[in-house]
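UniProt numbering numbers the first residue of the sequence shown as 1 and each following residue consecutively. Note that CB positions come from ideal geometry on N, CA and C, so glycine has one too. Just below is one structure, and these are the notes that go with it.
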Amino acid sequence: MARIEELPDDFDENINLNNAPEAPSIEELYNQHISGAGPEPNQISSKSFEEIVQDMSKTPLFMNSLDEATEDGENIMLEAIKALQHEGTKAEVAQGFKERGNEMVAEKKWSDAREFYTKGLAVLADKSEDKWDKPEDQTTEEDQRTLLTEQLHINRARCNLELKNYRSTTLDCAAALRINPSNIKAYYRSASALLALDKVLDALDVASRGSKLDPANVALKKLLDQIRARAQVKEAQDRRRLAELKTRRQEMQVLEAALKARKIVVRGSKQPPNLEDASIRLSPDPLSPTSLLEFPVMLLYPMHNQTDLIKAWAEKDAITHHLSYILPLPWDTKNEYKQSTVDCYMDTISGGLVKVGKKLTLMDALSNGKTEVVDGLVRIYVVPSSRAPQWLEEVKKKKGK
């Protein structure tokens, strides 16, 4: 980033830097070069037009950007000329930065403009006084500094708003309002930034305060209308969200009461499975205690590392009801899985396994005081009867029992 450095005390202040000599354009210099009418080849290398423009843009005469510099990041000539351009009292230097920033705003170069305004504010905030000329009238100087501080903050707020730096916008506006509580632009830009952040109530408050100070301000009126429209939308959204939360809370209370009444034990774990839209619920009416419980049930075939998920298994459905359409299994090439040749098991609260009869309803299997539902999912192990002893022995070894 370019810097502003102090001038020596013996600098000739009579030099007029504003009367710059006429200079040819970049295009003219380039045309002279390629036509042979310009400097000797040893003075200008055989570079492309873009390369020449890039090189020339690093000199103050052709500069368009604050950040153009030589390869080592420095531009001594630029630093010297910039220092000459900004000599004067502290207020005059800050005014110069403000004017240059305004020029960048006119070209919609928001980042460059913000940089100039920031430099102006840095000058005004500097505690030392010996870097700049002493003013003839200190009172006038102080008044100018105060006014410039307000203007630089409010101008930088516009740049931040255009650059979508909304929090910085509100901070600049707040700084301007501390100096001048009647600055309408500060109210407008702060409210605009708050609206962009969707802080509707804050935006409404700020815009309303500004509108009271200047009721005829058309831009502020229009902004107020936009804020109020957004406030209505948000209010409707908030009402719906609160209603949904209330309904979900009521559903959970009714569901918990239903599980408790049936003596069904449920608990969570550290790594719950992703069941997507499957969950324990009351159907058809989640708010009615007379509705039936439905559970997501995972049928596991541990001898073949296969599973089936039934998302809604009603509490009064017997295990055989679902096995009737699940079996036989498409991958069961040995025809081991038939209703008459399989046994069913469930996990117990103590960490073991219990055999459950296939004719039992799910509610019977879950309300016996031995089983539990973990992470909202019922697990039923389906094992060929002939291989059940082998599987049970393997499970015991894994669990160390």
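From Asp317, Leu147 and Leu299, residue whose alpha carbon lies closest to that of Leu309: It is Leu299.
Arg178 and Thr118 closer than 8 Å at C-beta: No, they are not a contact pair.
Cα-Cα separation, Glu244 to Gln237: 10 Å
Length-filtered (4 minimum) alpha helix (DSSP H) runs lying within the stretch 147-220: 166-179, 184-196 and 200-213
Stretch pair the stretch 326-346 + the stretch 271-289: three plus CB contacts closer than 8 Å: Output reads no: the stretch 271-289 does not touch the stretch 326-346.
Asn274, buried or exposed, once every other Cβ within 10 Å from all chains shown has been counted against 16: exposed
Closest by C-alpha distance to Thr348, when choosing among Val206, Asn335 and Val378: Val378
Reduced DSSP category for Pro384 - H, G, I as helix; E, B as strand; rest coil: strand
Spatial distance of Lys399 from Lys199 (CA atoms): 55 Å
Coil, strand or helix - Thr247 by DSSP: If DSSP states are grouped into helix, strand and coil, Thr247 belongs with the helices.
Distance CB(Leu312)-CB(Thr361) smaller than 8 Å: Here residue 312 turns out to be Ala, not Leu, going by the sequence shown. No, the pair does not count as a contact, with Cβ atoms beyond the cut-off.
Closest residue to Ser190 among Ser111, Asn160 and Glu393 (Cα-Cα distance): Asn160
CB contact flag (Leu255, Arg281, <8 Å): yes
Residue of Lys90, Lys212 and Phe116 minimising C-alpha distance to Lys98: Phe116
Own chain partners of Gln373 with C-beta closer than 6 Å, once the 5 adjacent residues on each side are dropped: It should be noted that the sequence gives Val, not Gln, for residue 373. Excluding sequence neighbours, Val373 sits near Val266.
With 16 other Cβ atoms within 10 Å as the buried cut-off, status of Pro296: buried
Per-residue burial, Ala216 [other beta carbons within 10 Å of its own, 16 or more giving buried]: When all chains shown are included, Ala216 counts as exposed.
For Leu362, three-class secondary structure by DSSP: helix
Chain-order list of residues whose beta-carbon lies under 8 Å from that of Arg114 (same chain, five-residue window excluded): Gly101, Arg156, Cys159, Asn160 and Leu163
Rounded separation between Trp132 and Glu87 - CA only: 7 Å
Distance CB(Thr320)-CB(Ser385) smaller than 8 Å: No. Outside cutoff.
Val356: first and last residue of the uninterrupted beta strand (DSSP E) it sits in: Leu353 to Val356
Candidates Gly351, Thr140, Ala106 and His322: closest to Lys358 by CA position: Scanning Gly351, Thr140, Ala106 and His322 for the CA closest to the CA of Lys358 turns up His322.
Cβ-based neighbour list, Lys185, same chain, cut-off 6 Å, excluding 5 preceding and 5 following: Ile154
Backbone CA spacing between Ala388 and Pro302 [nearest angstrom]: 10 Å
Alpha helix (DSSP H) segment containing Ala314, residue limits: Premise fails: Ala314 lies in the beta strand (DSSP E), Gln306 to Ala314, not in any alpha helix (DSSP H).
Cα-Cα separation between Gln390 and Gln253, rounded to whole angstroms: 43 Å
Beta-carbon separation (whole angstroms), Ala193 vs Tyr166, contact threshold 8 Å: 4 Å
Buried or exposed by the 16-neighbour rule on C-beta atoms within 10 Å, applied to Gln144: buried
CA nearest to the CA of Leu392, picked from Ala229, Cys344 and Asp375: Cys344
Glu394, buried or exposed, once every other Cβ within 10 Å from all chains shown has been counted against 16: exposed
Rounded straight-line distance, which links the Cα of Ser208 to that of Leu293: 53 Å
Glu336 to Ser367 span [Cα, whole Å]: A straight-line Cα-Cα distance of about 30 Å links Glu336 and Ser367.
Span of the beta strand (DSSP E) around Met303: Looking at the DSSP string, Met303 is not in any beta strand (DSSP E), and its letter there is neither H nor E.
Spatially closest choice to Thr371 from Ala91, Val382 and Leu353, by CA coordinates: Ranked by how close their Cα comes to the Cα of Thr371, the residues Ala91, Val382 and Leu353 have Leu353 in first place.
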